[in-house]
Amino acid sequence: MGKGRAARLVRSLEGVAYWAAAAPLLARLPAVIGYRIACWRGDWVRRHQAGKRAELARNLGQLLAEEVSPATAQQVMRDWFRHASCEALDVMRLRHRARPLRRLVRVRGQEHLEAALAAGKGAILCSAHFGSYHSGFSVLHASGFPVTTIGRWQYKYTAGLSAAERRFWDRVYRRVRRHRQRPNIEPWPGRFQVAAQAAAALRAGEVVTISIDAPPLDSDQARAVDVAFLGRRARLLPGVVTLAQLTGAPVLTCFIYRSPDYRHQVLEISEPVPMDGETATAFGRCAAQVSAAIQRNPAHWVYWTSTADLVTLGLTPGEPGISAPAGPLPGERLVRDRTEPRVAIPG
Amino acid sequence: METVINDYISRELVRDPSLLPLAGDTSLLDNGVLDSLNLLRMVVFLEERFKIAVGDADLLPQNFSSVDAICAYVRAREPGKQAVAHG
Chain A
468 MGKGRAARLV RSLEGVAYWA AAAPLLARLP AVIGYRIACW RGDWVRRHQA
518 GKRAELARNL GQLLAEEVSP ATAQQVMRDW FRHASCEALD VMRLRHRARP
568 LRRLVRVRGQ EHLEAALAAG KGAILCSAHF GSYHSGFSVL HASGFPVTTI
618 GRWQYKYTAG LSAAERRFWD RVYRRVRRHR QRPNIEPWPG RFQVAAQAAA
668 ALRAGEVVTI SIDAPPLDSD QARAVDVAFL GRRARLLPGV VTLAQLTGAP
718 VLTCFIYRSP DYRHQVLEIS EPVPMDGETA TAFGRCAAQV SAAIQRNPAH
768 WVYWTSTADL VTLGLTPGEP GISAPAGPLP GERLVRDRTE PRVAIPG
Chain B
178 METVINDYIS RELVRDPSLL PLAGDTSLLD NGVLDSLNLL RMVVFLEERF
228 KIAVGDADLL PQNFSSVDAI CAYVRAREPG KQAVAHG
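Put into structure tokens, the structure is as follows:
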């Protein structure tokens with residue numbers, strides 16, 4: 468067995484052990500202890516994954532060099548790995564109507580969502596792969612807002628995952644799925660009814676979430692628009708705006724922030740984003756809010772170690788010699804939203 | 178009805194001029210005319226223009242595969258005919 472393969476196996480086993488055994492246990496301890504241990508585990512992963520560390524540092528330097536000092540970059544890196552470990556506890560705390568997690572999450576701006584829903588056309592939450600977004604949406608649903616997510620369960624499609632690994636992830640995310648009004652509306656090529664299904668959910672007065680920072684699939688590149696994002700131009704899909712314009716549903720932004728104590732979080736919902744003007748103009752406003760959230764809290768964005776996705780987004784140039792891992796491992800945060808996903812983030 | 182639907186698709190949804198004039202049996206899916214968002218546009222148009230309700234269960238490729246298929250679907254959804262609608 469080669470050295471690289473052995474290292475991958477060790478990482479895989481560690482990830483399985485953490486998500487399947489340690490995290491459920493930690494989630495039952497007092498939060499102050501459980502999240503502290505999760506942070507230690509995040510520190511351990513950071514020390515032992517030099518490749519990911521380097522990838523994160525390089526992408527952070529390329530995109531946020533002006534905003535982030537070297538000292539801050541170190542802190543971002545530390546927090547990024549800690550957040551990834553804490554996310555497992557968030558998911559495990561979604562038991563019993565999500566009460567254990569709801570105790571730790573404060574929803575700010577709920578009145579904006581209530582006012583938007585009162586108009587009777589549902590509401591679209593424009594979000595990003597940011598913080599513990601899966602669990603955040605589940606908390607919202609458990610708080611009484613019927614939430615449906617437009618998004619792909621990446622473990623179903625990631626190339627290189629064994630059947631056992633898919634079953635493992637399916638089991639892990641069962642807790643998240645339990646707190647949704649409907650199954651995810653998954654926008655893969657050929658599923659032409661996605662927008663109409665989302666419109667049906669909105670008509671039923673539900674909340675539909677869309678993470679707009681996903682790299683467009685090859686088949687969707689023609690629909691992507693150039694918008695200002697992280698100080699550069701990125702190619703993103705403006706479906707959130709088209710859906711809003713066709714249904715009349717208001718668009719609000721939604722981000723979940725982890726506090727410095729790592730266990731408490733704030734789920735922040737904005738006032739409605741104006742949807743007037745051309746699609747690209749209205750979408751630019753959404754992208755600006757996502758971009759600002761990432762710039763304020765870079766450790767929350769999951770794409771930092773996903774160079775291939777950053778290249779697809781047009782944010783970083785493809786560089787020879789920089790390649791993504793052969794496949795994701797159990798215990799990794801899957802973020803690549805493409806037909807042939809390659810990249811995952813260790814968690 | 179065929180003319181109204183054909184005109185709408187030709188004017189609002191077709192991006193490839195080589196598909197025009199649009200034949201009744203031209204595949205709207207294979208030719209990339211109806212993607213996810215265009216299907217929603219189509220549904221909104223049909224509901225407003227023909228006063229029908231398009232349900233989740235009706236969002237099947239066979240109901241929207243061509244102008245002819247859409248016309249057949251709308252006819253089946255007209256008041257008093259819902260029982261024979263596809264899906």
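Order-wise, the sequence lines are chains A and B. For the first sequence, our numbering assigns the number 468 to the initial residue and increments by one for each residue that follows. For the second sequence, our numbering assigns the number 178 to the initial residue and increments by one for each residue that follows. Just so you know, even glycine gets a beta-carbon here, dropped at the ideal spot from N, CA and C.
Strictly by DSSP, which residues pair up with residue i?
{"i": "T720 of chain A", "result": "A:C593"}
{"i": "W768 of chain A", "result": "A:F597"}
{"i": "E735 of chain A", "result": "A:R575 and A:F722"}
{"i": "A671 of chain A", "result": "Answer by DSSP bridge pairing: none, since A671 of chain A is not bridged."}
{"i": "T616 of chain A", "result": "A:T676"}
{"i": "I652 of chain A", "result": "A:I617"}
For the alpha helix (DSSP H) that residue i lies in, which residues bound it at each end?
{"i": "V499 of chain A", "result": "A498 to H515"}
{"i": "D637 of chain A", "result": "A630 to V639"}
{"i": "V483 of chain A", "result": "K470 to A484"}
{"i": "D193 of chain B", "result": "No alpha helix (DSSP H) contains D193 of chain B, which DSSP labels as neither H nor E."}
{"i": "A695 of chain A", "result": "A695 of chain A -> not in any alpha helix (DSSP H); beta strand (DSSP E) instead, spanning V692 to F696."}
{"i": "V244 of chain B", "result": "V244 to R254"}
{"i": "Y185 of chain B", "result": "E179 to Y185"}
{"i": "L126 of chain B", "result": "Within the shown structure, residues of chain B are numbered from 178 to 264, placing residue 126 of chain B beyond reach of any answer."}
{"i": "A565 of chain A", "result": "Where A565 of chain A is concerned, there is no enclosing alpha helix (DSSP H), given that its DSSP letter is neither H nor E."}
{"i": "F241 of chain B", "result": "P238 to F241"}
{"i": "G781 of chain A", "result": "Unbroken run through G781 of chain A: none, as it is neither H nor E."}
{"i": "R763 of chain A", "result": "T746 to R763"}
{"i": "L492 of chain A", "result": "A490 to L493"}
{"i": "A711 of chain A", "result": "G706 to T714"}
Below 8 Å on C-beta distance, what does residue i contact in chain A?
{"i": "D245 of chain B", "result": "Within chain A, no residue comes near D245 of chain B; the closest Cβ sits about 18 Å away, beyond 8 Å."}
Closer than 6 Å by C-beta to residue i: which residues in its own chain qualify, once you throw out the five before and the five after it? Chain order, please.
{"i": "P792 of chain A", "result": "Here P792 of chain A scores only 39 on pLDDT, less than 50, and its place in the model should not be relied on; the value that follows carries that caveat. Correct list: empty, nothing qualifies."}
{"i": "R730 of chain A", "result": "A498, Y502 and L571"}
{"i": "E179 of chain B", "result": "C248"}
{"i": "E735 of chain A", "result": "R575, G576 and F722"}
{"i": "T699 of chain A", "result": "Reading the sequence as shown, one finds Arg at residue 699 of chain A and not Thr. Around R699 of chain A: L782."}
{"i": "V210 of chain B", "result": "L190 and V191"}
{"i": "L607 of chain A", "result": "V614"}
{"i": "D202 of chain B", "result": "S243 and D245"}
{"i": "S758 of chain A", "result": "F696 and L697"}
{"i": "A749 of chain A", "result": "V708 and M742"}
For residue i, go through chain A and note every residue whose CB falls closer than 9 Å to its CB, in chain order.
{"i": "L236 of chain B", "result": "F659, Q660, A663, Q664 and A667"}
Anything in chain B within Cβ reach of residue i, meaning under 9 Å, just list it in chain order.
{"i": "P706 of chain A", "result": "Per the sequence shown, residue 706 of chain A should be read as Gly rather than Pro. Simply S213 and L214."}
{"i": "L734 of chain A", "result": "Neighbours of L734 of chain A on chain B: none; closest Cβ ~28 Å, over 9 Å."}
{"i": "T709 of chain A", "result": "L214, L217 and R218"}
Excluding the five sequence neighbours on either side, which residues of its own chain have a C-beta within less than 7 Å of the C-beta of residue i, listed in chain order?
{"i": "R649 of chain A", "result": "T615 and A668"}
{"i": "K623 of chain A", "result": "R633"}
{"i": "S204 of chain B", "result": "S242 and S243"}
{"i": "V231 of chain B", "result": "V220, L223 and E224"}
{"i": "A766 of chain A", "result": "V543, D546, W547 and H550"}
{"i": "I789 of chain A", "result": "Residue placement at I789 of chain A is poorly supported in this model, since its pLDDT is 47, which falls under 50; the coordinates still yield a value, given next. Excluding positions up to five away in sequence, the list reads T774."}
{"i": "R226 of chain B", "result": "V181"}
{"i": "Q529 of chain A", "result": "T783"}
{"i": "L493 of chain A", "result": "G501, I504, A505 and L556"}
Got a sec? Which residues, its chain only, sit under 8 Å from residue i by beta carbon, not counting five neighbours each side?
{"i": "A662 of chain A", "result": "G706, T709, L710 and L713"}
{"i": "P739 of chain A", "result": "H579, A583, P717, V718 and L719"}
{"i": "P238 of chain B", "result": "L206"}
{"i": "N651 of chain A", "result": "T615, T616, I617, G618, R619, W620 and R644"}
{"i": "R573 of chain A", "result": "H731, Q732, V733 and L734"}
{"i": "R254 of chain B", "result": "F227, I229, A230, V231, D235 and A262"}
Give the interface partners of residue i over in chain A, defined as CB-CB distance under 7 Å, in chain order.
{"i": "D233 of chain B", "result": "Q664 and A667"}
Return the first residue and the last residue of the beta strand (DSSP E) that residue i is part of.
{"i": "R702 of chain A", "result": "R699 to L703"}
Name, please, each residue of chain B whose Cβ falls closer than 8 Å to the Cβ of residue i.
{"i": "L713 of chain A", "result": "L214, L217, R218 and V221"}
Checklist entry - Can you list, in chain order, the residues of the stretch 206-221 of chain B whose Cβ is nearer than 7 Å to any Cβ on chain A? => result Within the stretch 206-221 of chain B, contact with chain A at the beta-carbon level (separation under 7 Å) is assigned to L206, L211, D212, S213, L214, L216, L217, R218, V220 and V221.
Next on the checklist: At a CB distance below 8 Å, what residues from the stretch 669-702 of chain A approach chain B? Give them in sequence order.
Outcome noted: Flagged, chain order: R690.
Item to check | Members of the stretch 648-666 of chain A that neighbour chain B once the beta carbon cut-off is set at 9 Å | outcome: Result list: P654, G657, R658, F659, Q660, V661, A662, A663, Q664, A665 and A666.
Item to check | Contact list for the stretch 187-208 of chain B against chain A, Cβ threshold 7 Å | outcome: Listed in sequence order: L206.
Item to check | Interface residues of the stretch 738-754 of chain A facing chain B [CB-CB below 9 Å] | outcome: Closer than 9 Å at the C-beta level to chain B, one finds no residue of the stretch 738-754 of chain A.
Checklist entry - Residues in the stretch 482-497 of chain A with C-beta within 9 Å of chain B's C-beta atoms, listed in sequence order? => result Nothing from the stretch 482-497 of chain A brings a Cβ to less than 9 Å from some Cβ of chain B.
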